[in-house]
Each structure stands twice: as C-alpha cells, then as structure tokens.
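For reference, the structure is listed below as structure tokens.
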Amino acid sequence: MMAHKMRVTNPQDYGLYKLVDGYGEYCESVLGDNECPQSVRNELSHSGHHCIIAFKRTDAKIAWPMVKE
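The sequence shown begins at 1 in full-length UniProt numbering and counts up by one.
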C-alpha cells in the first residue's frame with residue numbers, strides 16, 4: 001500500500017524497516033509480514049527504546065544518523 005501511495009514502480013524491491021536505538025546508533029531490521037508498525041513502535045517505546053519505521057529500497061546501503069541523547 002505504501003509503495004502504491006508513493007508511486008514506486010517496483011514495490012518488490014522495497015520494505016519496511018525498524019530502526020531501534022542501540023548504544024548511540026540505529027540497529028536496522030526488516031519488519032515482519034505480520035508485524036504492525038504502530039504496535040512495534042509502541043512496544044519499543046514502552047520498553048524505553050527509541051524506534052523509527054523507515055520505508056526503503058532493500059538493497060540500499062544507508063548510513064543512518066547517530067542518535068542524539
């Protein structure tokens with residue numbers, strides 16, 4: 001649905017990723033098919049972790065910014 005909304009021509013090359021604060025930098029992992037982004041973010045927030053949900057191309061190598069404390 002996001003790929004359609006953002007007019008991505010090849011949606012199979014994209015995915016949702018969760019970026020979780022881990023010792024001053026983000027740890028990136030793919031969101032599972034049955035994981036709800038809002039639920040994941042709320043659970044991590046309640047456990048004291050900062051989390052960002054990102055929509056990006058699967059093969060993109062992104063240097064995520066450092067977390068400011």
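Each residue gets a CB set at the ideal place from its N, CA and C atoms; glycine is no exception.
From a predicted model like this one, the values you see are computed outputs, not experimental measurements.
Give me the DSSP bridge partner(s) of D59. By one-based count along the sequence shown, residue 59 stands at place 59. Checking the DSSP bridge columns, you'll see D59 has no partner listed.
Please give the ranges of any beta strand (DSSP E) in the UniProt domain "Ras-associating" (1 to 60), keeping only runs that are unbroken, at least 3 residues long and fully inside the region. With a minimum length of 3 residues, the continuous beta strand (DSSP E) runs that stay inside the UniProt domain "Ras-associating" (1 to 60) are 14 to 22, 25 to 30, 51 to 57.
Just the C-alpha distance for T9 and H46, rounded to the nearest angstrom, thanks. Locating residue 9 in the sequence shown gives position 9, where the first residue counts as 1. Locating residue 46 in the sequence shown gives position 46, where the first residue counts as 1. T9 and H46 have their C-alpha atoms roughly 36 angstroms apart.
Could you pull out every residue in the same chain whose Cβ sits closer than 8 angstroms to the Cβ of K56, ignoring the five residues on either side in sequence? If you number the sequence shown from 1, residue 56 lands on position 56. Y14, G15, Y17, I62.
Please name the residue in V20, W64, E35, A54 whose C-alpha comes closest to that of G48. Locating residue 48 in the sequence shown gives position 48, counting from the first residue. Checking every option, the nearest Cα to that of G48 belongs to V20.
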